[in-house]
Each structure stands twice: as structure tokens, then as C-alpha cells.
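Shown next, in C-alpha cells, is the structure this report addresses.
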Amino acid sequence: MCDSYIQKVLNGDTDAFRFIIKQYQDESYSLAMSVVKDEFLAKDVVQNAFIKAYTKLDTFKGNSKFSTWLVRIVINEAFIQLRKQKRQTKIAEEISEANNRSTVNESSERIERDNQRYYINEALKKIPAKHSLALRLFYLQEYSIEEIKEITGWSTSNTKVILYRARNKVKTLLDETYNIDKEGLY
1 MCDSYIQKVL NGDTDAFRFI IKQYQDESYS LAMSVVKDEF LAKDVVQNAF
51 IKAYTKLDTF KGNSKFSTWL VRIVINEAFI QLRKQKRQTK IAEEISEANN
101 RSTVNESSER IERDNQRYYI NEALKKIPAK HSLALRLFYL QEYSIEEIKE
151 ITGWSTSNTK VILYRARNKV KTLLDETYNI DKEGLY
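Residue numbers (our numbering): 1 to 186.
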């Protein structure tokens with residue numbers, strides 16, 4: 001599907017790139033967010049990644065899926081931004097649980113799912129970027145181990161180790177920090 005739009009862009013139809021942006025912007029934002037952990041920085045990362053993808057589209061060889069190539073650009077841009085951010089300022093951000101929590105209504109499944117997502121996202125913000133990225137790619141974006149290996153450049157065994165450690169860190173954070181009922185999240 002994307003191949004025809006890629007070819008249109010390469011042939012000079014700049015508007016065809018809008019389809020590509022629309023197709024991948026949500027996934028790209030989610031992945032950028034898993035690394036930089038800031039909405040505004042994630043938006044900058046995605047914008048820079050799309051600009052880079054557009055200007056470098058002629059280098060896409062088609063050896064892998066286009067989405068894999070694009071996600072790799074997004075991840076590289078996210079880590080570049082993270083390094084810049086760490087150089088400029090030391091990250092010391094606490095999120096007020098009182099301002100971000102909604103009142104829990106045990107009878108509402110929707111509110112319970114929202115709370116679960118909140119706690120999981122808070123836990124993902126507190127674990128290392130590689131771990132957060134691995135969990136998002138595997139569980140939320142449903143990439144295979146092989147695809148994650150291709151996207152990140154990690155070996156298969158390293159990818160599995162990172163996923164294993166990431167799952168354990170999130171579980172520990174949720175158990176200790178939030179004292180969450182295990183049956184509610186797992």
C-alpha cells in the first residue's frame with residue numbers, strides 16, 4: 001500500500017507524503033513518547049523524523065518493510081533528542097498523582113482500564129528508555145522479536161533479555177510503588 005505512495009513522492013508528488021504521515025503518525029508518536037517521555041519533545045521527534053524520512057526517502061532500499069525503516073528513524077531521532085535534553089537539563093520530574101488520578105469507580109470497567117493504563121504509562125516513564133521502547137514495540141505495536149531486532153539493531157538474545165528485564169521492572173514498580181492488586185493488571 002505504501003509502496004505506491006513512496007513511488008509518487010519519489011516522482012515529485014509531495015502531497016503523497018501526507019498519506020505516509022497520516023498512516024504512521026500515531027505509532028511514531030507513541031514510540032517517541034516511550035523514549036523521551038514528554039509530549040512536546042515527542043511531537044518534535046516525530047516532526048524531525050518525518051522530515052528526515054522525506055528528505056532521505058530515496059535511500060529506502062526496500063530490503064525491509066517501510067514501517068520498519070521509518071520506525072528506526074523515529075527511534076534514532078528520539079534518542080538524539082534524549083541526549084540533547086540530558087545535556088541541557090537534568091531530568092527531575094515528579095507528576096502529582098492527585099492532579100492526574102481520577103476518582104476510581106469500582107463498578108465502571110472503563111474507569112478501571114483508564115487507571116490501569118495510567119499506572120502502566122507511569123511505570124513506563126520510570127524505567128530506562130530501552131526497556132520502555134521494547135515493551136511498547138512488542139506489546140502495544142505488536143512487533144515480533146525479529147522486527148524489534150531489525151528496528152533497534154539489538155541482537156535477538158539482547159532483545160529477549162531487555163524485554164524480560166523490562167517486564168520485571170514494570171511489575172516491580174507496579175507492585176511496590178502503586179501497591180496495585182495483581183489480579184487487576186496482570
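Using N, Cα and C, we set each Cβ at its ideal position, and we do this for glycine too.
Item	Value
Between the stretch 28 to 43 and the stretch 70 to 80, can you find at least three pairs of beta-carbon atoms closer than 8 angstroms?	yes
Going by other Cβ atoms of all chains shown within 10 Å of its Cβ, with 16 needed for buried, is residue 31 buried or exposed?	buried
Tell me which residue opens and which closes the alpha helix (DSSP H) that residue 167 is part of.	156 to 176
Pick from 127, 21, 123 and 126: whose alpha carbon is nearest that of residue 70?	21
Can you tell me which of the three DSSP states residue 64 falls into?	coil
Mind checking which residues open and close the alpha helix (DSSP H) that includes residue 133?	129 to 135
Give the straight-line distance between the Cα atoms of residue 155 and residue 131, rounded to the nearest whole angstrom.	15 angstroms
If you drop the 5 nearest sequence neighbours on each side, which residues of the same chain put their C-beta closer than 7 angstroms to that of residue 72?	151
Alpha carbon to alpha carbon, what distance is there between residue 14 and residue 168?	45 angstroms
For the alpha helix (DSSP H) containing residue 57, list its first residue and its last residue.	Unbroken run through residue 57: none, as it is neither H nor E.
Given that a residue counts as buried once 16 or more other Cβ atoms are within 10 Å of its Cβ, and exposed if not, what is residue 119?	buried
Starting from the Cα of residue 47, find the closest Cα among 162, 29 and 38 and give me that residue.	29
Would you call residue 10 buried or exposed, if buried means 16 or more other Cβ atoms sit within 10 Å of its Cβ?	exposed
Output the distance between the C-alpha atoms of residue 34 and residue 82, rounded to the nearest integer angstrom.	11 angstroms
Roughly how many angstroms lie between the CA atoms of residue 85 and residue 158, to the nearest whole one?	26 angstroms
Can you check whether the C-beta of residue 155 is within less than 8 angstroms of a C-beta belonging to chain B?	Structure shown: chain B not included; a single protein chain is present.
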